[in-house]
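Student: This structure is in structure tokens; I'll ask about it shortly.
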Amino acid sequence: MPPCPWTPSYQPQPTSVESATPEHQTSHDSEHTYHQVKEIQKALRRELDGAWVKEEGGTFQTHLERIVDSRYPLLDAQIDVWLGNYTGYSAQNRWRYIPYQPALEKELYAPFVTLLNDILTHFLLGPTSQNQQRLVVDTHRSPFIHHALDAAHEEIVKSSPDISNFGGPSATKTRNIATMMGYPAAIGLYEGKLKLTPSLNQAEREQQPSRRFVHIPLFSDEEFRVLRFDCSGCYYTNKLNYPQRAKFFVKLVVSFGSFDEDLIGYDTSIYWDWNTEKLFLRVAFPKRYDSHMKGWKVDLNPMVFDLEDQPMFSRHTIRSRGTVCWSATYHGDQYIIKDYWRADGRPSEIELLRELIRMLTFEEDRESIETGRGFPQSVGMYSDSDASRVLGRFYIRIVVRRYGDTLEKASSALQLLQAIRDIVLGHREAFLNRGILHRDISFNNLLLSPYLEDGRGVLIDWDMAKKIAAFFMTEHDSRTGTRAFQSVKVLRASNLLGHHDHLDDLESVFYVLYYVLYGFDTVGRRVPADKGAIARWEPPGKDPQDLADSKVAFLLSPALRSLAGLIERLQGFFANGRLRSVQAAFGVANPVPFPAFDRVQAEADYQTFIDFVDVALTRITSLPPTQSAPQPAPPSTHPSSSHSPKRGLDDVKPGNEDETAAANGGSPSTPHEQTTTSQYFTVDPPLALPRHRRRTMVHLSAACARRRRKENLDDDYVEGNRRKGKGKGKRS
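If you count the sequence shown from 1, position 417 lands on 417 in full-length UniProt numbering, and the numbers rise without skipping.
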């Protein structure tokens, strides 16, 4: 979403997830936190590099004035009268209260606040506006708390915008301005400067989930400049003399504080009801899916959805798709409403979803950023730094049924593998039979499904997908998706390797499966991964080539051969097939062209992957069932002090988990026995699953422990060789 004063509560993601939009770095990730505001600003500068667009002549100013005139046709004459009577404006075309050439920036704040409030009070706040409020406040000494995602550890990151404009109804659920000072209630910000240059202010990283764009005015004693931030970056005006152009300045102030909140960038289809203090979405969709007819019908009657107060997910960046996902209820049924900005040139997710799954309804290309900025579609937007083309975007809304949790919440190994199998089957159906490739397989996009007709697992978020017939490399195709789960070939990003294909997606599914088995305990809680493969994939901003090297080592690591059978087979599948082809294409002496796509081979690839999963499922289902499952025990916050967690895990033999538990001082039949905790799994009772399911998880836990110990030795061996240049390395 575009930068706004506030972002709603964020649902934590796994630490390895860094969503990389093509071609530029992002300031949104769940691992990189910030100690100071200047660190946030540094991240934003990287994100917005090449995305600053300066108006030609006065085109942006003309566009802004045209919008205000269309909404307030009588404002021109009203301003003339007001300027003639206002004591704060002189006949010499000066604002009397604004100090001329102040020594300090803060000397501008109080008089500018007075001027803004005088304008809003006269033109907006009257007897007809009793239920609507606007208040401009000097906030340069009022620290506002940043979004929790920014804060490092337990620290709180704060900043103080120079001047803030507060009010509702879109920003907050209450009418009382006095009790809600802070970023959540700010509809606009003003930044004072002694000299005007386009820059990032202290709050621009924060967002409001229903904000399409935001205008940030910069002002000095005589000059004024408007910066518009949206999901394509920043578009800004030339400097203007606001005492000399007083009428235009007043129009801008009225526009930026307007009660017509479409003018200030809100999506007004999402609104607070002040009587119920609930959030709603009201819109007339062009078509909706009829489950009885099994098809689409035209129905222009408005639909009203109850929304949760905070979105399930909100993209915490300026320049991006700006994805926001809302949990919604309509006629008692649960849905997900997904809003985002599709990049110009990318296919619409809507057409793909209509082929793949049932949507309830949708809105396609609701508006475009180029139109919002006043650009004709044929002209295009270009960076002020290198004259490169800046991508336009189109606003899309999709309503789909709500699915379940991510895979780490599976209640058993059986459910996890059934979900993986159904996801791969669904991917095969989409790719081979419908010609659609997902291209963004990640932890957050593989979900458990409560709807049996859709399978036990489901693949979501098809906005990066592509039709096979449209396969071609463009400047926007590189590094598509979430880097931590990308294939080695995609990370190499070389034309020698051909297009993103089905095996790249299957390799990503493998990494997600490994991540779930290795990165969460048995009740789905994230555990530290200080060593091992995951730790090397996780750092945000990691160079794609370094990440690819790490995954090559992972696929070739002999230590991993001791892991559970499924992981071992999948490792060999990708190492002996795809990885060899990638390495051969980079051969110095005799490079081998990367194999072209072959449908027969693709069918075989899918079947091989599914066969491996089926073998594991057969082993699980062949285990003897228990008469009853124990009740869940409260998870212990500390491992048992009677034994070593590593030794307890490593000593577990498949099929002997009960004896091992008893040997460690616990009773396998006692639901409240103490837990054995490894870095990767909590063994026994927090699982509180039937014995045959616990046995499978313990088997995986033991394998993980053995794999970790051997991998650490292997890491030290490699590191020792690197330092010495030869010979064996030593353990530190």
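C-beta: ideal position from N, C-alpha, C; glycine also.
Note that the structure is predicted; figures quoted are calculated from it, not measured.
Between V399 and the rest of its own chain, which residues show a CB-CB distance below 7 Å, the 5 nearest in sequence each way excluded?
Tutor: Y335, I337, M359, L360, T361 and F362
Student: Do you know how far the Cα of E308 is from the Cα of I79?
Tutor: 42 Å
Student: Please classify R282: does DSSP put it in a helix, a strand, or coil?
Tutor: strand
Student: Determine the contact status of R389 and H63, defining contact as a CB-CB distance below 9 Å.
Tutor: no
Student: Taking all protein chains shown into account, do 16 or more other C-beta atoms lie within 10 angstroms of the C-beta of Y100, making it buried, or fewer, making it exposed?
Tutor: So Y100 counts as exposed.
Student: Mapping the DSSP letters down to three states, classify K406 as helix, strand or coil.
Tutor: A quick correction: the sequence has Thr, not Lys, at residue 406. In the three-state reduction of the DSSP assignment, T406 falls in the strand class.
Student: What whole-angstrom Cβ distance do K193 and E65 have, given they're in contact under 8 Å?
Tutor: At roughly 23 Å, the Cβ-Cβ gap does not stay under 8 Å, so K193 and E65 are not in contact.
Student: Could you have a look at Y183 and say whether DSSP puts it in helix, strand or coil?
Tutor: helix
Student: Return yes when the Cβ of D138 is within less than 9 Å of the Cβ of D118, no when it is not.
Tutor: no
Student: The alpha helix (DSSP H) that contains N117, what's its start and end?
Tutor: Y109 to F123
Student: Looking at the secondary structure, which residues open and close the beta strand (DSSP E) in which Q327 lies?
Tutor: Here the sequence assigns Ser to residue 327, which means Gln is not the residue at that position. Run containing S327: V324 to Y330, per the beta strand (DSSP E) assignment.
Student: I'd like to know if the region 498-510 and the region 604-618 are in contact, where contact means that at least 3 CB-CB pairs between them fall below 8 Å.
Tutor: yes
Student: Quick one: is A703 buried, meaning 16 or more other Cβ sit within 10 Å of its Cβ, or exposed?
Tutor: Unreliable positioning characterises A703 in this predicted model, as indicated by a pLDDT of 43, which lies under 50. A coordinate reading is not provided.
Student: Determine the closest residue to L446 out of P198, V214 and L506, with distance taken between C-alpha atoms.
Tutor: With distances taken between Cα atoms, L446 lies closest to L506.
Student: Measuring straight from C-alpha to C-alpha, what distance separates S269 and R282?
Tutor: 5 Å
Student: Can you tell me which of R212, P450, I420 and F594 puts its alpha carbon nearest to the alpha carbon of D611?
Tutor: For D611, the nearest C-alpha among the options comes from I420.
Student: Are at least three pairs of beta-carbons, each pair with one atom in the region 295-303 and one in the region 316-329, less than 8 Å apart?
Tutor: no
Student: Applying the 10 Å Cβ sphere with the 16-neighbour rule, what's the burial state of R393?
Tutor: With 16 or more Cβ atoms within 10 Å of its Cβ, R393 is classed as buried.
Student: Relative to the C-alpha of Y235, which candidate in L617, R225, F313 and N241 has its C-alpha closest?
Tutor: R225
Student: If contact is defined by three or more beta carbon pairs under 8 Å, each pair taking one atom from either stretch, is the region 254-263 in contact with the region 325-333?
Tutor: no
Student: Going by Cα to Cα distance, which pick from L414, E105 and H438 is closest to V424?
Tutor: H438
Student: Is it buried or exposed, P311, if we count other Cβ atoms within 10 angstroms and call 16 or more buried?
Tutor: buried
Student: Round the Cβ separation of F285 and V304 to the nearest angstrom and send it over; I've been treating them as touching at under 8 Å.
Tutor: Going by Cβ atoms, the distance from F285 to V304 rounds to 12 Å, so no, they are not a contact pair.
Student: Measuring only the C-alpha atoms, how far is L617 from E349?
Tutor: 33 Å
Student: Between which two residues does the alpha helix (DSSP H) harbouring V613 extend?
Tutor: Note, V613: alpha helix (DSSP H), R599 to T621.
Student: Assuming L407 contacts V613 under a Cβ cut-off of 8 Å, what Cβ separation, rounded to an integer in Å, is found between them?
Tutor: Contact doesn't hold; Cβ gap of about 13 Å is too wide.
Student: Where DSSP assigns a beta bridge to K239, which residues make up the other side?
Tutor: DSSP, once it has assigned bridges, lists no residue as partnering K239.
Student: Return the first residue and the last residue of the alpha helix (DSSP H) that H502 is part of.
Tutor: H502 to G519
Student: Which term fits Y451, buried or exposed, when burial requires 16 or more other beta carbons within 10 angstroms of its beta carbon?
Tutor: Y451 is exposed by the Cβ-count criterion.
Student: According to DSSP, is P22 part of a helix, a strand, or is it coil?
Tutor: Bear in mind that a pLDDT of 43 at P22, under 50, signals an unreliable position, so the number given afterwards is only what the model happens to contain. Note: P22 maps to coil in three-state DSSP.
Student: Just to check my reading of the structure: V592 and V488 have Cβ atoms closer than 8 Å, yes? What is that Cβ distance to the nearest angstrom?
Tutor: Contact annotation, V592 with V488: C-beta distance approximately 16 Å; criterion of less than 8 Å not satisfied.
Student: Of the residues D260, F375, T482 and P347, which one's Cα is nearest the Cα of I441?
Tutor: T482
Student: Once the 5 residues before and after N241 are set aside, which same chain residues still bring their CB inside 7 Å of it?
Tutor: E222 and E223
Student: Throw me the rounded Cβ distance for the L491 and P544 pair, which I believe falls under 8 Å.
Tutor: Going by Cβ atoms, the distance from L491 to P544 rounds to 5 Å, so yes, they are a contact pair.
Student: According to DSSP, is F166 helix, strand or coil?
Tutor: strand
Student: Can you list, in chain order, the residues of its chain whose CB lies under 6 Å from that of G188, leaving out five sequence neighbours each side?
Tutor: The residues are N165 and F256.
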